[in-house]
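Peer 1:
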Amino acid sequence: MPKMTPSEAFVETLVAHGVKNVFGIVGSAYMDALDLFPTAGIRFIPTVHEQGAAHMADGYSRVSGRHGVCIAQNGPGITNFVTAVAAAYWAHSPVVAITPETGSGTMGLGGFQETDQLPIFSKITKFQGHVNNVTRMAEITGRCFDMALAERGPTQLNIPRDYFYGEIDCEIPKPQRVARGAGAEESLDEAADILSKAKFPVILAGGGVIMSGGIEEAKELAEFLQAPVVSSYLHNDSFPADHPLWCGPLGYQGSKAAMKIIAKADVVLALGTRLGPFGTLPQHGLEYWPKSAKIIQVDSDHRMLGLVKQISVGVCGDAKAAARALSHRLANRDVAARRNASERLECVKAEKAAWEEELGQWTHEKDPWSLEVSKGSKRMHPRQMLRELEKAMPKDAMVSTDIGNICSVSNSYLRFNRPNSMFAAMSFGNCGYAFPTIIGTKVAEPKRPAIAYVGDGAWGMSFGELLTCVREDIPVTAVVFNNEQWGAEKKNQVDFYANRFEGVNLENPSWAEVARTLGAEGVVVESLGDVGEALEKAVDAQKQGKTTVLEMLVTKELGDPFRRDALKKPKRLLKKYEHTNVA
Ligand SMILES: Cc1ncc(C[n+]2csc(CCOP(=O)(O)OP(=O)(O)O)c2C)c(N)n1
Ligand SMILES: [Mg+2]
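Note that the working numbering has the sequence shown beginning at 213, numbered continuously upward.
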């Protein structure tokens with residue numbers, strides 16, 4: 213066995229896994245390994261904040277299907293990762309968070325930058341590797357990389373900092389890629405039986421379709437069954453929008469056409485989706501979930517099968533392989549849905565046309581508060597601005613969206629013809645997700661236009677990473693919705709707290725000017741007529757290596773709230789607070 217240092221073993225294992233980019237902030241804890249990165253062909257991308265680094269690793273991994281890697285200083289550098297690793301967990305991103313730790317010789321003594329780093333990540337990683345002996349550096353590093361892909365989620369590689377030094381005999385382990393299959397024969401047979409009898413089958417395409425590279429297989433199955441396809445919440449890119457069977461996304465601010473169509477289903481094929489509870493809540497006043505339909509759920513994680521919704525059959529398998537296996541099984545059978553396809557297609561056409569027309573006329577929010585705050589305003593109505601952005605969106609764009617009212621409304625206006633195009637904050641729902649994430653996608657796909665949608669509140673949390681774009685030549689476009697408020701939370705105070713506004717109004721600097729100060733372009737967009745051209749120019753500037761912030765001046769009006777399901781009108785018991793009751 214060759215002799216090497218543990219740092220060399222660590223870096224060589226990264227090389228074996230094809231790691232080309234690592235996001236992070238420099239730290240003494242891993243400097244011995246960092247020193248080898250250039251020679252190993254690994255680009256270290258220094259960020260402004262470690263949260264940004266981990267979000268970038270997330271974006272990088274989501275668009276490429278490869279590992280996203282981040283590293284930081286023991287203690288505070290590592291605790292700064294936490295929010296982003298949690299977000300990656302719920303986005304199923306194969307991120308490897310490398311967490312050098314206090315030296316093994318002093319752990320527990322409360323020295324400098326010390327904290328117990330494994331418990332902190334225990335609930336937001338799929339696997340945690342701890343290097344407990346220098347001789348195991350490569351083995352445990354390799355396992356963290358294998359597990360991130362096998363389990364589709366972040367893993368933690370914890371390394372006591374003194375373990376980078378020394379001399380070991382070491383063989384670099386080969387990456388282990390275990391292919392997933394379609395699922396058990398009997399579950400697939402049962403699923404095919406149910407599908408063959410369905411009169412109104414609907415496919416609910418989730419993230420698993422994208423992650424497995426299964427769009428073609430989903431299309432083939434949908435076309436054979438002539439089954440409408442709806443996308444799961446925030447996976448608007450799980451089926452091509454230009455396909456006649458596409459109906460749009462379910463969930464918050466999703467497509468009414470998709471909701472009305474799935475409501476008619478007698479069989480739902482939930483393909484590659486955990487059926488997350490937030491994503492199927494009633495929306496637009498529609499209780500659309502088809503309660504009496506048979507549900508076939510395909511998920512590669514057996515723990516997700518039947519977790520949220522009662523299912524008729526669960527298939528523990530890869531979405532792509534399962535779709536193909538179902539198509540095979542159905543090919544020569546008498547399939548009821550093939551006899552009544554035309555009625556279903558008519559219905560899809562009509563619902564889509566109705567939703568388009570409604571969206572076309574839905575130029576602004578119509579609740580009394582929104583009408584009042586936008587009256588006489590010269591600013592753009594958010595919906596109209598989003599429509600203009602949609603019209604100007606380049607075909608192969610990668611779009612990330614943050615958590616906020618306008619970002620959520622954008623869900624109705626984001627359509628994609630190819631997978632790996634939408635990078636929403638998913639169900640962890642943290643403000644500040646979109647901008648660093650899009651930077652990560654751009655590193656992986658430098659030729660594709662990269663666009664982040666961000667509210668002004670969330671922008672305040674994340675704009676610092678503009679420096680990363682400028683310093684590292686990673687050109688992206690940030691579209692910042694300046695409504696001078698934490699709008700999504702203000703909406704709750706409008707709906708439930710009698711317009712008592714606490715902590716929701718924002719005084720902003722000129723975000724365009726801030727961008728210019730940091731070395732990017734900054735453009736204020738005030739009128740609808742300028743939106744499309746501004747986006748086109750900003751996207752074009754990416755080709756010249758320029759990052760642009762488009763500061764969109766929009767009214768304060770607000771769309772439907774996120775959590776109508778979870779809020780109640782206040783009912784106080786103490787006299788002192790009586791006046792805050794809302795009838
Ligand atoms: C890290 C984090 N902090 C707080 C929240 C709660 N929250 C959800 S949406 C929101 C408001 C977002 O405001 P902004 O980014 O300005 O977008 P807008 O709603 O105005 O469109 C807040 C504070 C959160 N989701 N994540
Ligand atoms: Mg805002």
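Ideal Cβ placement from N, Cα and C applies to all residues, glycine included.
Are there 16 or more other CB atoms within 10 angstroms of the CB of H540, so buried, or fewer, so exposed?
Peer 2: Exposed, because fewer than 16 other Cβ atoms sit within 10 Å of the Cβ of H540.
Peer 1: Would you tell me roughly how many angstroms separate the C-alpha atoms of S504 and K411, rounded to the nearest one?
Peer 2: Whole-angstrom Cα-Cα distance: 13 Å.
Peer 1: Less than 7 Å between the CB of F713 and some heavy atom of ligand 2, yes or no?
Peer 2: Incorrect: F713 has no Cβ contact closer than 7 Å to ligand 2.
Peer 1: For ligand 1, is there a heavy atom less than 7 Å away from the beta-carbon of N292?
Peer 2: Checking the Cβ of N292 against ligand 1 gives no.
Peer 1: Tell me, to the nearest whole angstrom, how far the beta carbon of T311 is from that of L226; I am working on the premise that it is less than 8 Å.
Peer 2: So it is not a contact: roughly 15 Å between Cβ atoms.
Peer 1: Beta carbon of C681: closer than 7 Å to some heavy atom of ligand 1?
Peer 2: Outside the cutoff, so no.
Peer 1: To the nearest angstrom, how far is it from the Cα of V737 to the Cα of L679?
Peer 2: About 22 Å.
Peer 1: Give a single yes or no on whether W501 has its beta carbon closer than 7 Å to a heavy atom of ligand 2.
Peer 2: W501 Cβ: outside cutoff for every heavy atom of ligand 2.
Peer 1: Could you pull out every residue in the same chain whose Cβ sits closer than 7 Å to the Cβ of V798, ignoring the five residues on either side in sequence?
Peer 2: Given that the chain is displayed from residue 213 to residue 795, the structure contains no residue 798 and the question cannot be resolved.
Peer 1: Quick one: Cα of D752 to Cα of T760, how far?
Peer 2: The straight-line gap from Cα to Cα measures roughly 10 Å.
Peer 1: Confirm the yes/no value for this check: CB of Q705, any heavy atom of ligand 2, distance under 7 Å.
Peer 2: No, the Cβ of Q705 stays beyond 7 Å of every heavy atom of ligand 2.
Peer 1: Are the region 408-422 and the region 545-556 touching by the rule of at least three beta carbon pairs closer than 8 Å?
Peer 2: Contact between the region 408-422 and the region 545-556 is present, because at least three Cβ pairs lie under 8 Å.
Peer 1: Who pairs with E763 in a beta bridge, going by DSSP?
Peer 2: Paired residues: V692 and V736.
Peer 1: Is there a Cβ of chain B sitting closer than 8 Å to that of S273, yes or no?
Peer 2: This model lacks chain B altogether; it includes just one protein chain.
Peer 1: Under 8 Å, with one C-beta from each stretch per pair, do the region 316-325 and the region 268-281 reach the 3-pair mark?
Peer 2: As far as the Cβ criterion goes, the region 316-325 does not touch the region 268-281, which means the pair count is below three.
Peer 1: Using the DSSP secondary-structure output, state which residues sit across from L369 in a beta bridge.
Peer 2: According to DSSP, L369 bridges with I310 and G341.
Peer 1: Threshold first: 3 residues or longer. Then list the beta strand (DSSP E) segments lying entirely within the region 412-438, N to C.
Peer 2: Taking only runs of at least 3 residues, the beta strand (DSSP E) segments lying wholly in the region 412-438 are 413-417.
Peer 1: Quick check for students: name the residue ranges of the beta strand (DSSP E) that lie wholly in the region 252-282, counting only runs of 3 or more.
Peer 2: Correct list: 255-258.
Peer 1: Let me check you understand the geometry: is the CB of G699 closer than 7 Å to at least one non-hydrogen atom of ligand 2?
Peer 2: Correct: G699 has its Cβ closer than 7 Å to ligand 2.
Peer 1: Which one of Q495, G741 and A609 has the shortest CA to CA distance from F628?
Peer 2: F628 has its Cα closest to that of A609, out of Q495, G741 and A609.
Peer 1: Identify the residues that DSSP records as bridge partners of D511: which are they?
Peer 2: For D511, which the question treats as bridged, DSSP gives the partners C528.
Peer 1: For G230, which residues in the same chain have their Cβ closer than 7 Å to its Cβ, ignoring the five residues on either side in sequence?
Peer 2: If we look at G230 and ignore the five residues flanking it on each side, its Cβ neighbours are R278.
Peer 1: Could you tell me the distance, in whole angstroms, from the CA atom of V346 to the CA atom of G460?
Peer 2: Near 51 Å, if we compare the C-alpha coordinates of G460 and V346.
Peer 1: Rounded to the nearest angstrom, what separates G734 and G572 at their Cα positions?
Peer 2: If you take the alpha carbons of G734 and G572, they lie about 30 Å apart.
Peer 1: Alpha carbons only, please: which of F357, T353 and G641 is nearest the one belonging to P372?
Peer 2: Per the Cα distances, T353.
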